[in-house]
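Asks:
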């Protein structure tokens, strides 16, 4: 362990100290290395550099992507490289184990707008429901559906931008820029697996193939074709399930208790198969350029759940004499296509485009059972389907004026967007009550079998959603160079929805002042909004799941009811309204030395009427309401509501230093730091209907998800050294402490900060072939252990750890230039 801390200290010193350059930098390299990356996000009509932008922007280039995207999903690549971006490594949680929760600056994925080539990306049909995430019920864009091999670079705008781009852009904007090369390409093959676990052995085997190639379309155009394929085996970390599995025999424990496999919990990272493709092309028609882009993806996932013992009402012994472990299953197809024309009309630059996107997901379960059907129950189910469609049309115009010798950029635009969200119940056997009652001769005699497919998310016909809306918007955007050193920008946007979201105005003003050639001071203020997602307005479900209730994991039947339903109305639910935000930021951008770039930005985000799920609601009064509406009354109920006002404050630090070392090669040292705190400013009053039942709208456990459920800080230290054909990359990431609160304070759990080390070594075998080997989490670090009783045999470590609870991973990669 001592060597580990010495290594960390050495890397920190290497990364943070300015090292004198031993070689003269080339002029073009100096421009790029000193923050000179040209960005288009956040400004219209006038690209700027990272350090001259009035708002903070990170750029992730293709080389970084190609090195990380073989083993990692795209959202994990962003977690590795952007200090204020964080994705959770959720296991055994149906949707969230596949389309995992992620967010920027302490907010969630639904507060980040994703663009592809500057055009709005459609949302996923999968919603975030995992306990502990802060986007409950939202269906954010699934970044992992964009093939990494198709990406030229990613620009991450870390500032409110709803006035420029519309709903969702409260925490920032992620703009994915696709490759558009007319010749050449790349091919990458990678294999890897998790470190050996003492119980489960080696698992998490992963194999990926990524290929991309550009083709010329005569002399006027290009088409880039990209394909990614991935297979990932499941990763499981479990422990012994306590208690008896079988009914007693003559008052004594069944002899099989001594030999039964108590490792029946199979929760963890999912088994995953996926293939994705992309096309990106353009063609010059003279004064007009036609362009298009398309992405298409298909994936299958299988997620292990907690085991069901044979001596419970979840099981039928005739089918599973030793109990069973159910698996959530997913089949998903994702598609988006954009087409447009851009060119000049007089002095105006005009861009007209249309974009259609659709995500379709089919959920199910296997190795499962609906115990209420008895021995006639199927063991495989298709439980429901969900589809999200989005059609977006944009007209954007921009031109430059000279005002008293100063440049004024004027941009304006209009947008029409159609959205639809539909869920459909599938197999009737997944949700029907077959009325099975356990026969005489066993301790369960006379009790009914549990209703519904185990380990599944179920939508009944009454739960089905079919909701749509139309959105119209207009915006104006100005940028004025007041002097050679002083830039002021402003934007205003109006959006109108034909659903309960109504009309919304937002605005933004930002400024940048060049104090010296190497020092820029910048600041911004904006208002923003996020319309309630269609999923939050219409989604309803029933599921049997293990939840932390009263300080222990219990198998419960959980029901989400939609706003406006009889049950929701009886519990005091109100129609959802838009979330509204106020963003404040101030920062510095420095390039004091050749090759050295540092940005420091502080921010505050006030978010009002934040939408989330209530806590689990259950008591005699709730049971009575459920029975009045045709349910058994055994369910714990939740619904979506505008529950809280929050304030998030933080600071981002991003720095890089490119150093020529003469005969010793070249070094690029990087540092990234984010400190982030969220507090609840106000909680919506508990409706009188709930208060009359002695229930709280938003309990202490749920509040903790927002205030202490994610690390308060993250530090990333990196060193990338090249010498001839050899390269070595070392990265050290420190995740700060976090906690899981309980409604009973004595049952709170606290998890300490951890350091995670990643290493990769690569060698150019030829000018067009490179081999690399590496490992994430080299020292096999796990989060702190849980302190609540483990009643289901799950992992003994914190399941919502920001870096996962699955240990180290090692890999090898071959990359070819085509």
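Residue numbers (the working numbering): 30 to 847. A virtual CB, placed ideally from N, CA and C, is assigned to each residue, including glycine.
Cα separation between residue 527 and residue 501?
Replies: In the chain shown, the residue the question calls residue 527 occupies position 498. In the chain shown, the residue the question calls residue 501 occupies position 472. If you take the alpha carbons of residue 527 and residue 501, they lie about 9 angstroms apart.
Asks: Evaluate contact between the segment 719-733 and the segment 744-761, counting only Cβ atoms and requiring at least three cross-stretch pairs below 8 angstroms.
Replies: Cβ pair count under 8 angstroms is below three, so no.
Asks: Smallest Cα separation from residue 401: which of 108, 713, 461 and 257?
Replies: If you number the chain shown from 1, residue 401 lands on position 372. Among 108, 713, 461 and 257, the Cα nearest to that of residue 401 is on 461.
Asks: Quick one: grab the DSSP three-state call for residue 56.
Replies: Here the question's residue 56 lines up with position 27 in the chain shown. Confidence at residue 56 is low in this model, with a pLDDT of 31, below 50, so the placement of that residue is unreliable and no value is reported for it.
Asks: Identify the residues that DSSP records as bridge partners of residue 704: which are they?
Replies: The sequence position of residue 704 within the chain shown is 675, counting from 1. Paired residues: 680 and 742.
Asks: Within this structure, are the beta carbons of residue 274 and residue 339 separated by less than 8 angstroms?
Replies: Locating residue 274 in the chain shown gives position 245, counting from the first residue. Locating residue 339 in the chain shown gives position 310, counting from the first residue. Yes, Cβ-Cβ distance for residue 274 and residue 339 is below 8 angstroms.
Asks: Since residue 325 sits in a beta bridge, which residues does DSSP pair it with?
Replies: Walking along the chain shown from the start, residue 325 turns up at place 296. 306 and 364.
Asks: Once the 5 residues before and after residue 477 are set aside, which same chain residues still bring their CB inside 6 angstroms of it?
Replies: For the purposes of this step, residue 477 is taken as the residue at position 448 of the chain shown. Same-chain partners within the cutoff: 466.
Asks: Would you say residue 27 and residue 847 are within 8 angstroms of each other, going by their C-beta atoms?
Replies: In the structure displayed, the chain extends from 30 to 847; residue 27 sits before or after that span and is not available.
Asks: Would you say the segment 83-90 touches the segment 656-672, given that touching needs at least three Cβ pairs under 8 angstroms?
Replies: Contact between the segment 83-90 and the segment 656-672 is absent, because fewer than three Cβ pairs lie under 8 angstroms.
Asks: Roughly how many angstroms separate the alpha carbons of residue 781 and residue 703, rounded to a whole number?
Replies: Residue 781 sits at position 752 when you count from the first residue of the chain shown. Residue 703 sits at position 674 when you count from the first residue of the chain shown. Taking the straight line from one Cα to the other gives about 17 angstroms.
Asks: Checking the sheet assignment: what are the DSSP bridge partners for residue 813?
Replies: In the chain shown, residue 813 corresponds to position 784, counting from 1. According to DSSP, residue 813 bridges with nothing at all.
Asks: Would residue 349 and residue 394 be called neighbours here (beta carbons separated by less than 8 angstroms)?
Replies: Position 320 of the chain shown, counted from the first residue, corresponds to residue 349. Position 365 of the chain shown, counted from the first residue, corresponds to residue 394. Not in contact: residue 349 and residue 394 (Cβ atoms no closer than 8 angstroms).
Asks: If you reduce the DSSP assignment to three classes, tell me which class residue 248 lands in.
Replies: Against the chain shown, residue 248 aligns to sequence position 219. Looking at residue 248 - three-state DSSP - the assignment turns out to be coil, as it is neither helix nor strand.
Asks: Only counting runs of 3 or more residues, tell me where the beta strand (DSSP E) segments fall wholly within the segment 89-154, in order along the chain.
Replies: Counting only runs of 3 or more, we get 114-116, 131-133 and 141-145.
Asks: Is the Cβ-Cβ distance between residue 141 and residue 203 less than 8 angstroms?
Replies: Within the chain shown, numbered from 1, the residue matching residue 141 stands at position 112. Within the chain shown, numbered from 1, the residue matching residue 203 stands at position 174. Closer than 8 angstroms, so yes.
Asks: Restricting to Cα atoms, I'd like to know which of 438, 431 and 426 is closest to residue 444.
Replies: Here residue 444 refers to the residue found at position 415 when the chain shown is read from its first residue. Among 438, 431 and 426, the Cα nearest to that of residue 444 belongs to 426.
Asks: Alpha carbon to alpha carbon, how far is residue 219 from residue 689? Give it in angstroms, no decimals.
Replies: Here residue 689 refers to the residue found at position 660 of the chain shown. Here residue 219 refers to the residue found at position 190 of the chain shown. Each residue's Cα considered, the two are about 30 angstroms apart.
Asks: With 16 as the cutoff for other CB atoms within 10 Å, does residue 176 come out buried or exposed?
Replies: Your numbering for residue 176 matches position 147 in the chain shown. So residue 176 ends up on the buried side.
Asks: Do the CB positions of residue 635 and residue 608 come within less than 8 angstroms of each other?
Replies: Taking the first residue of the chain shown as position 1, residue 635 is located at position 606. Taking the first residue of the chain shown as position 1, residue 608 is located at position 579. No. Outside cutoff.
Asks: Excluding five sequence neighbours on each side, which residues of the same chain lie with their C-beta closer than 6 angstroms to the C-beta of residue 388?
Replies: The residue you call residue 388 lines up with position 359 of the chain shown. Result list for residue 388: 153, 154, 363 and 417, in chain order.
Asks: Are the Cβ atoms of residue 572 and residue 612 separated by less than 8 angstroms?
Replies: Within the chain shown, residue 572 is the residue found at index 543, counting from 1. Within the chain shown, residue 612 is the residue found at index 583, counting from 1. No.
Asks: Taking contact to mean 3 or more Cβ pairs, one atom from each stretch, closer than 8 angstroms, check whether the segment 783-799 and the segment 695-713 are in contact.
Replies: Taking 8 angstroms as the limit for Cβ pairs, the verdict is that the segment 695-713 does not touch the segment 783-799.
Asks: Can you tell which of 353, 276 and 191 has the C-alpha that lies nearest to the C-alpha of residue 290?
Replies: Along the chain shown, read from residue 1 onward, the residue named residue 290 stands at position 261. Per the Cα distances, 353.
Asks: Does the distance from the C-beta atom of residue 264 to that of residue 232 stay below 8 angstroms?
Replies: Start at 1 with the first residue of the chain shown, and residue 264 comes out as number 235. Start at 1 with the first residue of the chain shown, and residue 232 comes out as number 203. Yes. Within cutoff.
Asks: Is the beta carbon of residue 343 closer than 8 angstroms to that of residue 483?
Replies: As a working mapping, residue 483 is identified with position 454 in the chain shown. As a working mapping, residue 343 is identified with position 314 in the chain shown. Against a cut-off of 8 angstroms, the Cβ pair of residue 343 and residue 483 comes out as a contact.
Asks: State buried or exposed for residue 488, treating a residue as buried only when at least 16 other CB atoms are found within 10 Å of its CB.
Replies: Residue mapping note: residue 488 aligns to position 459 of the chain shown, counting from 1. Residue 488 comes out buried.
Asks: In terms of DSSP beta bridges, what is residue 206 paired with?
Replies: As a first step, residue 206 must be located in the chain shown, where it is residue number 177. DSSP, once it has assigned bridges, lists 182 as partnering residue 206.
Asks: Output the distance between the C-alpha atoms of residue 681 and residue 112, rounded to the nearest integer angstrom.
Replies: Walking along the chain shown from the start, residue 681 turns up at place 652. Walking along the chain shown from the start, residue 112 turns up at place 83. When rounded, the distance between both Cα atoms is 7 angstroms.
Asks: What are the start and end residues of the alpha helix (DSSP H) that includes residue 536?
Replies: Sequence index remark: in the chain shown, residue 536 carries index 507 (1-based). Not the alpha helix (DSSP H): residue 536 falls in the beta strand (DSSP E), residues 532-545.
Asks: For my contact list, residue 737 and residue 768 are in at a C-beta cut-off of 8 angstroms; report their separation, rounded to the angstrom.
Replies: For this step, residue 737 is matched to residue 708 along the chain shown. For this step, residue 768 is matched to residue 739 along the chain shown. 4 angstroms between Cβ atoms; contact.
Asks: Suppose contacts are defined by Cβ-Cβ distances below 8 angstroms. Is residue 435 in contact with residue 506 by that definition?
Replies: Numbered from its first residue, the chain shown carries residue 435 at position 406. Numbered from its first residue, the chain shown carries residue 506 at position 477. Against a cut-off of 8 angstroms, the Cβ pair of residue 506 and residue 435 comes out as no contact.
Asks: Tell me whether residue 370 sits in a helix, a strand or coil according to DSSP, three-state version.
Replies: Indexing the chain shown from 1 puts residue 370 at position 341. Looking at residue 370 - three-state DSSP - the assignment turns out to be strand.
Asks: So residue 494 and residue 560 are supposed to be a Cβ contact under 8 angstroms. How far apart are they, rounded?
Replies: Mapped onto the chain shown, residue 494 falls at position 465. Mapped onto the chain shown, residue 560 falls at position 531. In fact, because the Cβ distance is near 16 angstroms, the residues do not count as touching under 8 angstroms.
Asks: Looking at the structure shown, is residue 549 part of a helix, part of a strand, or coil, going by DSSP?
Replies: Start at 1 with the first residue of the chain shown, and residue 549 comes out as number 520. Strand.
Asks: For residue 415, tell me which candidate among 454, 824 and 375 has the shortest Cα-Cα distance.
Replies: Residue mapping note: residue 415 aligns to position 386 of the chain shown, counting from 1. Of 454, 824 and 375, the residue nearest in Cα terms is 454.
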